[in-house]
Amino acid sequence: KKASFAKPGKHGHIKCSFTCQDLIRTDKKSEYKCPGHERVEIPEVEKYELFVQGLTVEEDENMVEVVTTFETKNEDGEKCSVPFEEDNEVHEKAVEMWHELHDANEDDAEDERKREPTEDVVLSIIQATVKK
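Numbers 1 to 132, taken from full-length UniProt numbering, label the letters of the sequence shown in order.
Next comes the structure, spelled out in structure tokens:
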């Protein structure tokens with residue numbers, strides 16, 4: 001968010017100070033200080049949302065249905081698949097919300113036109129990569 005550089009001290013090194021803003025909790029800030037000769041890697045950060053369109057379900061060896069991927073569309077309307085991770089709380093919550101929205105609408109629907117949910121399940125993803 002902000003970078004400042006102090007004049008060289010008596011030993012000849014410039015002092016650098018970086019103030020950073022948290023991507024998830026925007027009210028949280030952190031500060032990083034280092035000598036001017038130190039290499040600082042800056043990540044390329046992308047934030048995007050995927051709208052869940054469906055779930056890919058397969059049967060495991062015990063004939064139990066297991067979610068394997070989310071069928072999604074991104075903000076540009078392009079279709080893509082996201083692998084489901086069992087240990088990921090966000091993925092589990094998204095599947096739970098998907099079933100709540102779709103099962104409730106199927107129970108109330110008298111014809112096919114009313115089966116569409118009125119709300120979307122959205123996965124917000126923040127991806128940070130550091131190029132070397």
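The beta-carbon is built from N, C-alpha and C at its ideal position, and this holds for glycine as well. Owing to the predicted nature of the structure, the values given are computational and were not obtained by experimental measurement.
Per-residue DSSP class, three states only, for residue i
i, result
"residue 141", "The chain is shown from 1 up to 132; residue 141 falls before or after that span and cannot be answered."
"residue 5", "strand"
"residue 42", "coil"
"residue 23", "coil"
"residue 15", "strand"
Closest residue to residue i among the options (Cα-Cα distance)
i, options, result
"residue 82", "26, 14 and 123", "123"
"residue 4", "65, 47, 94 and 18", "18"
"residue 98", "11, 77 and 69", "69"
Pair within 8 angstroms by beta-carbon distance, residue i and residue j
i, j, result
"residue 41", "residue 130", "yes"
"residue 16", "residue 29", "no"
"residue 56", "residue 71", "yes"
"residue 49", "residue 75", "yes"
"residue 53", "residue 73", "yes"
"residue 23", "residue 126", "yes"
"residue 37", "residue 13", "yes"
Beta-ladder partner(s) of residue i, from DSSP
i, result
"residue 131", "Residue 131 pairs with nothing; no bridge assigned."
"residue 122", "51"
"residue 29", "21"
Exercise for review: Could you pull out every unbroken beta strand (DSSP E) segment of at least 3 residues lying fully inside the region 54 to 102, listed in chain order?
Suggested key: 65 to 73 and 79 to 83
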